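Reviewing the structure listed below.
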Amino acid sequence: MKNIVCPASIQKKSIMLYKTVSVFGYLPVKYSLNHKFDVDGKTLLRTMFSKDIVATLKPLMKTIIEAETLMWEQDGNVVRRRVRYLPVPKIKSVGPKKVNPKWMEWVEESEVDLENLVVRYRNIPTNDKVAELLKNSGEMHVVQTADGCIREIKGELLVRVFLLGSIAERLIYSYAKEILDEEANAMKQVLAGFRQ
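Residue numbers (this note's numbering): 9 to 204.
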């Protein structure tokens, strides 16, 4: 097995993406994304996973067409939620075939430990055929710093398409990073508004 690591210039931006290649089958891309916030970790997670946050963030984001909370519940320091997202399509067509925007729609399923600042998540495509081919899950950890906190999102992305899978993984990861960067900036606006 062999690891393919991104150039150091990319890693310096708090991004890491590497692929383990195996002759025995498909193995996922592993990724890591960091975002810095100037609030403490508990404030960040309580805001990020508050009941109405999806509706609050949606108008501040240009990468998402639709966002809808399907389920939200809290049991002590644990929050569970399911949120449906429809992103602005990046790929209009593959050859002569037009890409239906709904093919990119997914449901985030998260369980949040507000006390220990840990989130476990899965992103599940709403299209059954896409869901068979694409798997994404991971964890988010919030680390306290002297002047706020850092949100670290780690996960695995797997596209089960022979030969083209690794290309699709890189495209999906790249767009997911764009969405998460925009979400982090929108969250900073919301947090700044709370402090005023």
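Glycine residues also receive a C-beta, built at the ideal position from the N, C-alpha and C atoms.
This structure is a prediction, so every number in the text was calculated from the model and none was measured.
Once you ignore the five residues that flank residue i on each side, which residues in its own chain have a CB closer than 7 Å to its CB?
i	result
LEU52	PHE45, VAL150, CYS157, ARG159
THR77	VAL62, ARG89, VAL91
ASP155	ASP46
How about residue i and residue j: do their beta carbons lie closer than 7 Å?
i	j	result
THR71	ILE187	yes
ALA200	MET69	no
GLY215	GLN152	With the chain covering only 9 through 204, there is no way to say anything about residue 215.
ILE73	VAL47	no
GLU123	LEU94	no
On a Cα-Cα basis, can you pick out the residue from the options that is closest to residue i?
i	options	result
LEU125	THR55, TYR39, LYS196	THR55
LEU41	ILE73, LYS100, VAL169, ALA184	ALA184
VAL107	MET79, ILE99, ASN135	ILE99
GLU116	ALA75, GLN82, ASP155	ALA75
MET79	ASP60, ILE73, PRO67	ASP60
VAL169	LEU142, ASP189, ASP155	LEU142
Grab me the residues of residue i's own chain with a C-beta within less than 6 Å of its C-beta, minus the 5 sequence neighbours each way, in chain order.
i	result
ASN135	TRP111
GLU147	ARG128, LYS162
HIS43	ARG159, ALA192
ARG130	GLU117, SER145
PHE57	VAL87, VAL120
PRO109	PRO97
ASP189	none
Once you ignore the five residues that flank residue i on each side, which residues in its own chain have a CB closer than 8 Å to its CB?
i	result
ALA139	ILE132, PRO133
LEU65	ALA75, GLU191, ALA194, MET195, VAL198
GLU81	VAL87, ARG88, ARG89
Quick one: is residue i buried, meaning 16 or more other Cβ sit within 10 Å of its Cβ, or exposed?
i	result
VAL120	buried
LEU35	exposed
SER30	Note that SER30 scores 41 on pLDDT, short of 50, meaning its location in the model is unreliable; the coordinates nonetheless yield the value given after this. Label assigned to SER30: exposed.
LYS21	Because LYS21 carries a pLDDT of 45, less than 50, the predicted location of this residue cannot be relied on, and the following value inherits that uncertainty. By the neighbour-count rule (16 or more Cβ atoms within 10 Å), LYS21 is not buried but exposed.
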